[in-house]
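Residue numbers (my numbering): 407 to 988.
Ideal placement from N, C-alpha and C gives every residue a C-beta, glycine not left out.
Computed from a prediction, not measured in an experiment: that's the story for all the values here.
Set out below in structure tokens:
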């Protein structure tokens, strides 16, 4: 080893020893000289991280009327890592808040993986309870109360299935949401627009770091990051039409109604009955209350407009007429005789009118809903061609509406039946019975497509205004029907006669000063009374509105569903006249 190398090694050794000496002196200073000071400080003061929930964005109708907003409320919560006697705290909070000790324990257990985040015990706290907690504040370290925003619904149950409700995520859901910056106990969308557009509505949480003493009293604020509120959502709904639709549907009925603009897919009104009160879910929902809702056999949380599929009954006769015209089996002047029944093979298929309709052409058969006419047409109809046009009109698959849980219904084909296929099955399908199933929103699109020649994708979101000032509007989506215009014109005339003709089954849907085209339906139900249907578009000459109504277990479409449609259409055209200054 060279002399120079030995010198460098000596310098390096001295340097390392010097570093260790400095570190030892620092440790001695902290532990011996300043140890008592820091020990007292750590006992007296702690750092608390307080997450700050972002305000969920408001939801408004197309005209700016607020449908969902936020209002301040008090929430009591527990910081498990800051609590002294946890059992005593849980028992006290369970008693004073009315939630119950068992529920408090359940909530604490569910959050044990996140001890440094507050466990929310009860939202929307009455002032009397808040005062009692404040009175015992020093006995309850780790118990905090916060001012939070609670979802508020100015119109109560109105459009509840469209708007949806909020609730706390499950433990499994939160494990995923936590990676996206969500806070434990934070409310998230559980249905409707609140769920579908959760990422837009939610916003970004803030955070507040404070120094607190051993009793939880704030000493000073160390740092703060503002929360970013969620976006403002404008829906296609018109609150005045929504009110009119819900009033027309009446009380005590089960079913759905969808009204939309067939030119762009804007959903103007959507009703599902029975309804529910979304405000019920804004607080901490008890296990007992949730179980009672789940056990309700009327299924109030089910959005029947998009999540229920029904046999369509005679509302599908315009489709069968269209297929017959396209296939060349009939034209508008083709006549068949109806004596009240039709024999095919070894079966007798009966018309709803026992004495028969007599001799009818195609337009008269649609208008008067003659079963026998369509039985005779069905004998020559290829089920796969029929299914092809049913799908072209939007049946058999989801419409793509921006609401959760949409079902697609069923349009059966020869493949669906397999070896069980017989032409007799086509006779049932031709009049909307058998295995075919549709949703109310599909039928509103179907009616609009016949009226305009274009099938739209329905939607409830109109416009989004983000907090940074950016705005975007939903672009309508539609496609042309693969149907000759002259064929659609004939089908439309049949639907016009169904409402405006002297013998039409949908006369109860007439609107003064407006020509309405529609079709009634009475869908057989093996479990009870028939389902009443009505679909329509108007004005006949240039449709601006289409709708579908279904009322479960209610009887005939012309007697039950058509009058509802007439009231809603009257409200729509009255509003149009006001808007135009007439």
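Rounded to the nearest whole angstrom, the C-alpha separation of residue 641 and residue 865 is 9 Å. Residue 594 and residue 820 have their alpha carbons spaced roughly 44 Å apart. Burial check for residue 560: the Cβ neighbour count within 10 Å stays below 16, so the residue is exposed. Taken in chain order, the complete alpha helix (DSSP H) segments of 4 or more residues contained in the stretch 620-664 are 645-655. In terms of Cβ geometry, residue 838 and residue 932 do not form a close pair [threshold 9 Å]. For residue 858, the enclosing alpha helix (DSSP H) begins and ends at 846-858. Counting only residues of its own chain and dropping the five nearest sequence neighbours on each side, residue 754 has a CB closer than 8 Å to the CB of 747, 748.
Per DSSP, reduced to three states, the secondary structure at residue 559 is coil, with no helix or strand assignment. The shortest CA-to-CA distance from residue 630 to any of 535, 459, 883 is the one to 459.
Residue pairing by DSSP places residue 694 opposite no residue, since no beta bridge is assigned to it. Of the candidates 535, 635, 817, 635 places its Cα closest to the Cα of residue 873. Here residue 469 is exposed, its C-beta having fewer than 16 other C-beta atoms within 10 Å. With a threshold of 16 other beta carbon atoms within 10 Å, residue 824 falls short and is exposed. Shortest Cα-Cα distance from residue 968 to any of 904, 978, 789, 792 involves 904. DSSP, read as helix, strand or coil, puts residue 948 in coil. Cβ-Cβ separation between residue 572 and residue 596: approximately 6 Å, consistent with a contact (criterion under 8 Å).
Only buried fits residue 792, as 16 or more other CB atoms lie within 10 angstroms of its CB. With a cutoff of 9 Å on beta-carbon distance, residue 684 and residue 563 are scored as near each other. The beta carbon of residue 627 sits closer than 7 Å to the beta carbons of 614, 616 from its chain, once the five residues preceding and following it are set aside; these are given in chain order.
Under the 10 Å beta carbon count, residue 752 is surrounded by fewer than 16 other beta carbons and is classified as exposed.
When rounded, the separation of the alpha-carbon atoms in residue 800 and residue 673 is 16 Å. The DSSP-derived three-state label of residue 493 is helix. Between the alpha carbons of residue 466 and residue 698 lies a gap of roughly 31 Å. In this chain, residue 837 is not harboured by any beta strand (DSSP E), its DSSP state being neither H nor E. One thing to note: residue 715 has its Cβ no nearer than 9 Å to the Cβ of residue 664. Shown here, residue 863 sits in coil according to DSSP, grouped into three states, outside any helix or strand.
Taking the Cα of residue 668 as reference, the smallest distance to any Cα among 477, 953, 644 is reached at 953. In the DSSP assignment, the residues bridged to residue 615 are 455, 629.
The three-state reading of DSSP puts residue 973 in helix, counting H, G and I together. Residue environment for residue 737: exposed (fewer than 16 other C-beta atoms within 10 angstroms of its C-beta). Around the beta carbon of residue 763, 16 or more other beta carbons lie within 10 angstroms, which makes this residue buried. By the neighbour-count definition (other C-beta atoms within 10 Å, threshold 16), residue 939 is a buried residue.
Residue 916 carries a coil assignment under DSSP once its states are collapsed to helix, strand and coil. In this chain, residue 810 is not harboured by any beta strand (DSSP E), its DSSP state being neither H nor E. Relative to residue 767, the option among 777, 761, 758 whose CA is nearest is 777. DSSP places residue 772 inside the alpha helix (DSSP H), whose first and last residues are 768-774.
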